[in-house]
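Residue 140 is where the sequence shown starts when you use our numbering, and the numbers rise one by one after that. Read the structure below first, then the notes.
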Amino acid sequence: MHPSALLVDLDGVIRFWSNDDSHIETACDLPPGAIRRIAFAPEFLLPAVSGAIPDEAWRANILSELRRLHPASNVDEAMAKWSASHGETDPEVLDVIAQCRPNVRVVLATNATSRLSADLRALGLDGRFHAVANSSEFRIMKPQAEFYTSALKLAAAEPGEALYVDDSLPNVEAAAQLGIRSHHFADPAGLLRFLRQSGAMCEQAP
Numbered sequence: 140m141h142p143s144a145l146l147v148d149l150d151g152v153i154r155f156w157s158n159d160d161s162h163i164e165t166a167c168d169l170p171p172g173a174i175r176r177i178a179f180a181p182e183f184l185l186p187a188v189s190g191a192i193p194d195e196a197w198r199a200n201i202l203s204e205l206r207r208l209h210p211a212s213n214v215d216e217a218m219a220k221w222s223a224s225h226g227e228t229d230p231e232v233l234d235v236i237a238q239c240r241p242n243v244r245v246v247l248a249t250n251a252t253s254r255l256s257a258d259l260r261a262l263g264l265d266g267r268f269h270a271v272a273n274s275s276e277f278r279i280m281k282p283q284a285e286f287y288t289s290a291l292k293l294a295a296a297e298p299g300e301a302l303y304v305d306d307s308l309p310n311v312e313a314a315a316q317l318g319i320r321s322h323h324f325a326d327p328a329g330l331l332r333f334l335r336q337s338g339a340m341c342e343q344a345p
């Protein structure tokens, strides 16, 4: 049986970020890694990704902590520059996904802040998916089972009818436990093989 839905993660699969903020931090007199140490600390990130606070509040909290820790640095400029990026997409991954059968509903399934819609517009991805499953809107995060069941509802699919792709192994394992055929993403070639073997690709796909 061909799958009727593909649930696909965003960061680490479709979108990638530069892990090097040194040019920003050097220009603003911040120590290396200062921004990310705060931004991605669980006590700062999880409230934003779980929907407890909006993206703007998350960034304001990061700014406040940077000011507290580095009062002599130009933290306002640093945060403005850091926040200006929306990441970059991998065109090869997008091309692979575009080769799926027309009846396969592609649902973006991601842990993200409330800025996700703006990010998708900035990246030219607005309207590329049948639906978007955003943890901050669900107020449920991967790898919680409720996230996947909510995403399946958006896809109008049962677990056995869906595929799931993520670069996080715990997220992949959680989806697989629900009966969703899942793929631990490493590269576009592996994704292509998985989609072909699962029957998701158009017959004429190269």
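Each residue gets a CB set at the ideal place from its N, CA and C atoms; glycine is no exception. Just so it is clear, the structure is predicted and the values come from calculations on it, not from any experiment.
Asked, Found
"With a CB to CB cut of under 6 Å and the five nearest residues on each side skipped, what residues in its chain are close to D258?", "H225"
"From the DSSP output, which residues share a beta bridge with V214?", "Answer by DSSP bridge pairing: none, since V214 is not bridged."
"Between which two residues does the beta strand (DSSP E) holding A270 run?", "270-273"
"Taking A166 as part of the beta strand (DSSP E), name the residues at either end of that continuous run.", "It is not in any beta strand (DSSP E) - A166 instead sits in the alpha helix (DSSP H) that spans 161-166."
"Drop a sphere of 10 angstroms on the beta-carbon of C341, count the other beta-carbons inside from all chains shown, and report buried for 16 or more, exposed for fewer.", "exposed"
"DSSP puts H141 in a beta bridge; with which residues?", "Partner(s): none; H141 has no beta bridge."
"If you draw a straight line from the alpha carbon of A144 to that of T288, how long is it in whole angstroms?", "13 Å"
"Count the other CB atoms, across all protein chains shown, that sit within 10 Å of the CB of M218; report buried if there are 16 or more and exposed otherwise.", "buried"
"Thinking just about the alpha-carbon of each residue, which of L184, A223, P230, E216 is nearest to the one in A328?", "P230"
"The beta strand (DSSP E) with D306 in it runs from where to where?", "No beta strand (DSSP E) holds D306; DSSP gives it neither H nor E."
"Using the rule of at least 16 other Cβ atoms within 10 Å of the residue's Cβ for burial, across every protein chain shown, is L169 buried or exposed?", "buried"
"So S256 is in the alpha helix (DSSP H); what residue range does that whole segment cover?", "255-261"
"Can you have a look at K102 and say buried or exposed, based on whether 16 or more other CB atoms are within 10 angstroms of its CB?", "This structure gives no information on residue 102, because the portion of the chain shown stretches from 140 to 345."
"Using a Cβ-Cβ cut-off of 7 Å (strictly less than) and excluding sequence neighbours within five positions of S337, which residues of its own chain qualify?", "P142, L302, R320"
"Please work out which residues of its chain come closer than 7 Å, Cβ to Cβ, to N213, disregarding the five sequence neighbours upstream and downstream, and give them in chain order.", "C167, D168"
"In angstroms, rounded to a whole number, what distance separates the CA positions of L331 and K220?", "35 Å"
"From what residue to what residue does the beta strand (DSSP E) around A248 run?", "244-249"
"In the DSSP assignment, find the beta strand (DSSP E) that holds R320 and state where it starts and stops.", "320-323"
"For the candidate residues A237, N200, R278, W156, whose alpha-carbon lies nearest to that of V147?", "A237"
"Please classify D229: does DSSP put it in a helix, a strand, or coil?", "coil"
"Rounding to the nearest angstrom, what Cα-Cα distance links S256 and M140 in this structure?", "33 Å"
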